[in-house]
Amino acid sequence: SGKATGGGAGAGAAAGGDGVTTGPGVTATTITVSALTDLTGPYASFGKSQTQAQQLYFDQVNAGGGVCGRTYELVVRDHGYDTQKAVAAYTEVAPRSAAIVQFIGSPMITALKQRIDGDKLLTIPMAWATTLLGSRAIQVTGTTYDVDMINAVEFLTKEKGIRSGDKIGHLYFEGDYGESSLDGSKYAAGKLGLRIVEQKIKATDQDMSAQVAAFKAAGVKAVLVSVGPRQTASLVGVSLAKGMDVPFVGSNSAYAPQLLATPAGPALLKDFYYVSAGTPVSAQNPGMRRLVADYQAKYPGETLDSGIPTGWSAAMIVDEAMKKACAAKDLTREGVLNAHRSQSSFGGDLGTPMDFTFFDKPASRSSYVLKPDKTALGGAVVFREAAVSELAKDYPVPVG
Amino acid sequence: MRAALRSVARPLRAALCIAVLAAAVAVPFYLEGFWLQAGLFAMSAAIGAIGINLLTGATGQLSLGHAFFLAVGAYSYVFLSSDLGLPTPLAAVAAVIVAGVSGGLFSPIAGRLKGAYLGIATLALIFVGQHILFNAEPVTGGFNGRPVPPMELFGLVFADTPELVVLNVPFGSLERLWFLGIALLAGAAAFARGVLRGRPGLAMNTIRDHEIAAGVMGVPVARYRAGVFVLSSMYGGLAGVLVALVFQQVVPDYFGMLLSLDYLAMITIGGLGSVAGAVVGAAFVSLLPQLLTRYSDALPLVAEPGSGGVSPAEAARILYGAAVVAVVLFLPGGLAGLAMRLGRVRSKELRWAKSAPAPASRR
Amino acid sequence: MPKRNQPVGSDGGDGPPELVVNEVTVRFAGLTALDAVSFTVAPGSVHALIGPNGAGKSTCFNVLSGVYRATSGSVRFGGAELTSLRPHRVAALGVARTFQNIALSPHLTVRDNLMLGRHRLTRAGFVSAGLRLPSARREAVRHGARVAEIAEFAGVGDALTIAVGLLPYGVQKRVELARALCMEPRLLLLDEPVAGMNGGERREMAGLIGSVRESLGISILLVEHDMGMVMRIADAVTVLDFGRRIADGPPEEVQRDPGVIRAYLGDYGQGESGPGDSGGPSAGRGQA
Amino acid sequence: MSGEAGPGIGGPETVGPGTAAPGTAGPGIAAPETVDRRSEGLDIRGLEVRYGPVRALRGVHLAVPRGTVAAVLGANGAGKTTLLRAVSGTLRFHRGAITSGTVAFGGSRLDGVPAAAVVRRGVVQVPEGRRVFARMTVAENLRAGALSVPGRRAAAARERVLELFPVLAERAHQRAGLLSGGEQQMLAIGRALMAEPSLLLLDEPTLGLAPLMAARIADTVRQINAQGTSVLLVEQNAAMALALAERAYVLEVGEVTLSGPAADLAASDEVRRRYLGVGMPETDRPVGTDPGPAQQRHERTRLARWTA
Amino acid sequence: MAVFLELLVNGISVGAVYALIALGFVVIFKATEVVNFTHASLLLAGGYAIARLHPLIGFWAAVAAGIGAAALVGALVEFLILRRAHVGSRGVLAIVTIGVDILLTTELTRRIGTEVLALGDPWGDRVLRIGPVTVAETRVVALAVAAALIVAFLLAFKFTGWGVAMRATAEDAETAALMGVRLGRVSLSAWAVAGALAAVAAMFLCVFPTPGLDRGTAAAAMKAFPAAILGGLDSTTGALAGGLIVGVTETLMSGYQSELAFLGRGIGDAAPFLVMIVILLLRPSGLFGTKEPARV
Ligand SMILES: Nc1ncnc2c1ncn2[C@@H]1O[C@H](COP(=O)(O)OP(=O)(O)OP(=O)(O)O)[C@@H](O)[C@H]1O
Ligand SMILES: Nc1ncnc2c1ncn2[C@@H]1O[C@H](COP(=O)(O)OP(=O)(O)OP(=O)(O)O)[C@@H](O)[C@H]1O
Ligand SMILES: [Mg+2]
Ligand SMILES: [Mg+2]
């Protein structure tokens, strides 16, 4: 029976007519890349813009003749943030994919980490927990949540007059996102002699009154926010209403432009910032301009959010790896990984420069500080240019 | 005349069983990983479903907490084997027992509450369980869970390594687990059947139908309720162990409320109170979404992912919901009931699902 | 997991002990359903418990079978004090009962309903049943045979494979009796066994109860409003009214007792169709 | 079968299959009455009822003229309850249906009419086996009985019911499920009377009632009948039923095998033997009754003791 | 102390919303003895209608329309599905409602997509200051409305024919029909009412302090389960009590989570269920629930 099971790097590796050794997912004419995304679950909005951006990217590459004489084929599987479905989808697509350009949901990725490693399948997770570091096949893009938070804390001390001895609140989600953010804030706080007041919540919590009350009681001077947009809105809104007028700094996923339309909009515009390694879509550099233009052309009327550049650059990373691998005439999974890991300064207009040569540290440590803005595309503008904070520079990242 | 039916039915049954078994053995040689994995999920689900069917179907005790016991099983297996270093088969058995014990700890509730009240009381298990899974990091590994040590039975490791090739088919973890799954499911089903057909089954059904009468006829009602609850938790635990072996990594998110609801859906779709029903329903519920996701591209009326419109996953959900409703509306007794009626072999566990006729209701 | 309650058949052979109800009182919010009621059921006798509706007869049964807790008083059956026992413990002592409102599992077959009666005499638990251990198998066969025998005796022999719910009421009543017999009781409590039956059927049921007593020699406590039947088969009668005992003794005496007539019988036989007596004449009288 | 006027209406007594005609013969009812009756009271013609495969009634003709009491006798499983269900429109609750024949009351058809509508036409049934609303109080049960009549009248009806069954007044705020069997029976009847029926269907009203109370019910039936309510009475207590009714019908395995003036039936040996249980020789078995297991020669058989 | 008060008041204020949701469960349970899992999606439906309509026809009209819409959905669910399900056990019906919920929720979340929809309510983010304590105006209104509705239903169930008919039907449909109860209408009205209640609850659920309606909103319905149960599934009073208990427990537990860190952080979500368990141990049918009359 000619059945193929997943697993086993280079399973069925063969030399194509053009002298390029190929692995799973690569035929003489196509390179199959997969996106395991969430289009129906909690991260649907994010997943949607990412997937569309990546579709756009590969269409453009294919239009330009593809890579290595082959065209890309993007297989999209929507797991709706359900572990079992994600694992099933991975088992299905992995054997016939050359890379995974997008994998949303760190519980799912964590569940599959071993297998991804075993399959040597280049995977770009759309989650930035330190737990995802330490695997050669998995490439966490940009900064990790904790690095972002460190930069955030430093931003507070530099520009918002937080000084040693002050208390700052940290509202965070149960789970990888919230808890690795907390690692960062704790580290920074420790270094700067600040006290962190923790408030942990679940993604299903809607009303932050209790948390605000607790922060207020503790007398925090600022609040870090590593939760979802809903909770951010509630937090900021309630705080102001209750007369707790302090700066808020959120992680990348804490903000969504949709919020500006809600009653919490004004509050967010007042004194809320968020840190991200990704350049906001409103950035005025040529690369971003073009991307936005193309995107709006292809998907008119769709909301513009950070998912677009993120997805785009993820696709670009894979594409680069393929190009390099092609040059080395080796499109096996091993070859693709080698090619990928050989890039030391991957950069562009869409995010802070990244170094892929190691995989036990975040690829970048510098993050922008962004500020909501009604008028701007994607609802946010750069408030402070990307920078690596002193603290972040020599922060020992907990791995795995 | 029923006897006659049976005597016809028996050889038929036997033949059928053999055919099914043969097919089951052949599968790993022909189908690829995705299918094996889907199958394994289905088997695990079936085991769990049989368990909750003993509770909800046969004894009339609603439970929304089944996922919790899967979690207990899965995590205990991991903990016992990797932290306490038990040999994996032993760890598996122990895990099932732990699940049973945790079910037993709940018996003050399980023994006293009925119907809706018990159902929602068991919700507590889910939420408290999730809380523990996320917070008891030393044991559970917190949010990112823990890797699952592969089962090792008589020197055979249920993992991809060491490589193993049977009839020039590479036998990875899935292929190997397949057989384990088959064995476990068969065992679990046979056991449940025995229970339902035997003395305990009658007691359970009577508790469901007339609690006081059951007591007066000598059935220790509370103890039985608790007992069945324990048994069904053990089934849950076993399902948990199997699913953990398939996942190779346990993560807390999986064992949430949706899973519990799925189990209820399974036994309803399949047919309340019957083993066959549980199995059929489990297969249906756990395979449907995976298939729809897989063939999303091929499906009519389902839009390309990300392009708006009804996405595959949504289509899957909708079909799933519709199936639950449709079965109850049009197939009293569930899919299994249908099969029974087609095969004109009626099984006693199934009857109650059809509503009681007149003279019974002289209340 | 449930364990067996009693050594199998330990109480099968030997004759039944005496049932002594002593000063039993049952109060519910507001009302006293039983008020210091005492009576004694002699071994092997048929003892009738009669009284107006709401007098406390079923309550008394519920106390005897452990469904209600007595507020005070004692019920001794042989060596055991019943008032402190839960229903299944009482059953374990060989006390079986039928219910005023049929309490069978409508969806189970007659056989399964009867097999439940064997619960206290069988031992197969989850494990042995699940693993179909030989012991469990043998047990099932043995007791299955006895169940068939009893069904035959109770006249439901050829209904064994029918779902109880589909049977007419009268037959269900018989099934209830059969289920009680399947417990191999030493004391049988019958709550209105012939309610809802016509003359012929009443006569048959009466006969059946009679032959139970003859062939098994067990004690029977009977609640019944059909005086004809009570007079026909009871050895002793206790009369309750508003939870109090107003008379006690052999049927004839009780029947003559003015208190009983006032509280319960009224113009005895009015609209009454006890087998044998009073049926025809009363019909005639009605015509007038 | 259903079309032409079956013997059940006209003739003094019907000779059903397998039944010997009783000796006595009562006066027949003339045709014109039949006509007028059809417009007036309850009129059932050629009724057949099935529960799925089970045929519970077959070619039943039965009439209850306005202001009269008719009794239906029959062994267990004969189809008495089914008959009442067919009238009150509750067959569908038991997966049963009228497969042919008609049921008419006051000139308009009842078959196929939903139960609630039947009640609004003044036909009220006391269901078999009490069926009180266990979780509601006695008062609320009575209230439920009066749902189909305006408030003022309900209050009056309540008065009557409570004086008829004083115990219900005592227990007004107790939950019906906790009442004794007989008390529940009284409640069930009282609840039906709340609706001020013009045709009352009673299914074994004296079931589980003490002799005194049974007599009380009998009187009640006479009373309400005197006030113009027609009554269709299913009663195992044949003596009482025959005493109350002008006309009686005997059902056997779903067929009317005997009908005529109650007095005549009460006099017939057949009825006396089988339904009054009078002078029934031990050996003799009722013929043609429900072929089900009901009748067995148990008086003969003895049960051996169980030895472990 | 001030903190405690603040938390307490906040707890009560969210409790009010939970109570409203729980009331919906209770109405259905009283009328049909079904545990209604569809309630979550009824919430969503009501909220969605309001959110979509208020820009066009203004808030109050939108609320009215939303209530109507949700009532309609509820009625349809009853008419198209539950009425046609002839099953023995209420448990099975509960499972049907799960199926229906999946259907509705999927469709609604698909429509809501990635938006966060504001309801355009008049209260905005105004808060009342009572000494040291502040509480959102929306919540004060919610509490008032909840109390009013609950009293209304308490009376309705006890004293109106509708209420009696409903309870009768729940207990024994056939006999209810023999009382002249039009079964169809009764359960239809029950579901319509439940829908309407859901819409009202949704209105308060999606305004300040929460940013608005989005696909996650329905999750809040989960919290109403322990509320309904510990109050007693068939007791309107219980719904109120339960809602408040859940709200307060949750708020206090999360407010004091730093002090309670040893229980693990985020205990706030598990706590209500623990309370529920304790109460059920003491009173198996909830605080105000009526327990089955058990006699033979
Ligand atoms: N669980 C209970 N709670 C409250 N009252 C009860 C309970 N059980 C019985 N009662 C009351 O106690 C009294 C006696 O009830 P019981 O059932 O013993 O009467 P009974 O003698 O069996 O009458 P019947 O002949 O009608 O069955 C009745 O008035 C009844 O209302
Ligand atoms: N729901 C049902 N499904 C199938 N058969 C039924 C159903 N209800 C009644 N029957 C059958 O219909 C026949 C008539 O039943 P019915 O209840 O009308 O008898 P009955 O005269 O009322 O008996 P009883 O005196 O016991 O009340 C019986 O043989 C019974 O088995
Ligand atoms: Mg009684
Ligand atoms: Mg009947």
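Chains as they are written, first to last, in our numbering: chain A, 758 to 1157; chain B, 102 to 464; chain C, 30 to 317; chain D, 975 to 1282; chain E, 570 to 865. All C-beta atoms, glycine included, are put in the ideal place defined by N, C-alpha and C.
By the criterion of Cβ-Cβ separation under 7 Å, what are the contact partners of residue i in chain D?
i: C:LEU245; result: LEU1277, ARG1279
i: E:ARG751; result: ALA1090
I need the DSSP call for residue i, collapsed to helix, strand or coil.
i: C:PRO45; result: coil
i: C:HIS254; result: coil
i: D:ASN1199; result: helix
i: C:LEU195; result: helix
i: C:ASN324; result: Outside the displayed span of chain C (30 to 317) sits residue 324 of chain C, for which this structure offers no information.
i: A:PRO864; result: helix
i: B:SER354; result: Reading off the sequence shown, one finds Asp at residue 354 of chain B, where the question assumed Ser. Helix at B:ASP354.
i: A:PRO1129; result: strand
i: E:ILE817; result: According to the sequence as given, residue 817 of chain E is Val; it is not Ile. Reduced to three states, the DSSP call for E:VAL817 is helix.
Which residues in chain A have a C-beta closer than 8 Å to the C-beta of residue i? List them in chain order.
i: E:PHE726; result: Going along chain A, no residue has its Cβ under 8 Å from E:PHE726, so there is no contact; the nearest lies around 30 Å.
How far does the beta strand (DSSP E) with residue i in it extend, from its first residue to its last?
i: A:GLN859; result: 856 to 861
i: D:ARG1032; result: 1028 to 1038
Which two residues bound the contiguous alpha helix (DSSP H) that contains residue i?
i: E:LEU622; result: 608 to 626
i: E:PHE594; result: 571 to 601
i: D:ASP1243; result: 1243 to 1248
i: A:THR840; result: 840 to 850
i: A:HIS1097; result: 1090 to 1098
i: A:LYS1081; result: 1064 to 1084
i: B:GLY230; result: 216 to 236
Using a threshold of 7 Å, is the CB atom of residue i nearer than that to any non-hydrogen atom of ligand 4?
i: C:TYR198; result: yes
i: E:GLU819; result: no
Quick one: list the residues of chain A neighbouring residue i, beta-carbon separation under 9 Å, in chain order.
i: B:GLU253; result: Chain A residues near B:GLU253: none, gap ~17 Å exceeds 9 Å.
Would you say the beta carbon of residue i is closer than 7 Å to some non-hydrogen atom of ligand 2?
i: D:VAL1028; result: yes
i: D:TYR1025; result: yes
Determine whether the Cβ of residue i lies closer than 8 Å to any Cβ atom of chain F.
i: E:LEU576; result: In summary, chain F is missing from the structure at hand, where the protein chains are A, B, C, D and E.
Using a Cβ-based criterion (distance less than 7 Å to any ligand heavy atom), does residue i qualify as near ligand 3?
i: C:GLN129; result: yes
i: C:ASP220; result: yes
i: C:VAL252; result: yes
Using a cut-off of 8 Å between C-beta atoms, extract the partners of residue i located in chain C.
i: E:VAL865; result: SER87, ASN91, VAL96, PHE128, GLN129, ASN130, ALA132
i: D:ARG1221; result: The premise fails here: D:ARG1221 is roughly 13 Å from chain C at the closest Cβ pair, so nothing lies under 8 Å.
At 9 Å on the CB atoms, spell out the chain B contacts of residue i, in chain order.
i: A:PRO864; result: PHE244, ASN245, GLY246, VAL352, PRO353, ASP354, TYR355
Note down, in chain order, every chain B residue with its Cβ under 8 Å from the Cβ of residue i.
i: A:PRO852; result: GLU133, GLY134
Worksheet entry | Shell residues, 5 Å Cβ cut-off relative to heavy atoms of ligand 1 | C:PHE57, C:ALA62, C:ASN82, C:GLY83, C:ALA84, C:GLY85, C:LYS86, C:SER87, C:THR88, D:LEU1152, D:LEU1153, D:SER1154, D:GLY1155, D:GLY1156, E:ARG864
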